[in-house]
Each structure stands twice: as structure tokens, then as C-alpha cells.
Amino acid sequence: MPGKLPTRQIGRNGPEVPALGLGTMGLSAYYGAIDDDETRFKFLDRAYELGATLWDTADIYGDSEELLGK
Numbered sequence: 875m876p877g878k879l880p881t882r883q884i885g886r887n888g889p890e891v892p893a894l895g896l897g898t899m900g901l902s903a904y905y906g907a908i909d910d911d912e913t914r915f916k917f918l919d920r921a922y923e924l925g926a927t928l929w930d931t932a933d934i935y936g937d938s939e940e941l942l943g944k
């Protein structure tokens, strides 16, 4: 089992989140052909298993927001 990711608190009273976020632009746009949803879900599931809980997304990242919403 991998070690726990280091965390940081957001602001004085905010939540504690991993110090390293997972960018989702590459899941949906700009880096070649887009994988099917099943493949992308497997990637996201594995990232979550390894401790990724801070997901970076934006409306310009293709369908990454929709993907995470599923």
C-alpha cells in the first residue's frame, strides 16, 4: 500500500486536502485521442485508491467536468 499523500489546509479554517492535485485536462483534450469512459474511470479509480482526492478541472478541459460528475 502506498504512503499517504502529504496534506495542506486551505486557509485558516478550510478543509485539509492533498498537497498534490490531479489535473484532468489530459483525460479529455489536448493530448491526442480521448480514451473511452471505462478506461478513464479505471484511471480515476486507481488514482483515488492511491490517495488522489483533489481533482483539478476547468470548463476548457473538454468533458473532464462531466466525466468527474458521472
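Count the sequence shown with the working numbering and you get residues 875 to 944, in order. No residue lacks a Cβ here, since even glycine has one placed at the ideal position from N, Cα and C. Bear in mind the structure is a predicted one, so any value in this text is a computation, not a measurement.
What is the residue span of the beta strand (DSSP E) that residue i lies within?
i: residue 882; result: 881 to 883
Can you give the Cα-Cα distance for residue i and residue j, rounded to whole angstroms?
i: residue 927; j: residue 906; result: 25 Å
i: residue 916; j: residue 943; result: 15 Å
i: residue 913; j: residue 878; result: 25 Å
i: residue 901; j: residue 919; result: 13 Å
Going by DSSP in three states, residue i sits in which element: helix, strand or coil?
i: residue 894; result: coil
i: residue 910; result: coil
i: residue 933; result: coil
i: residue 903; result: coil
i: residue 921; result: helix
i: residue 928; result: coil
Quick one: using the 10 Å Cβ neighbour count with 16 as the cut-off for buried, is residue i buried or exposed?
i: residue 941; result: buried
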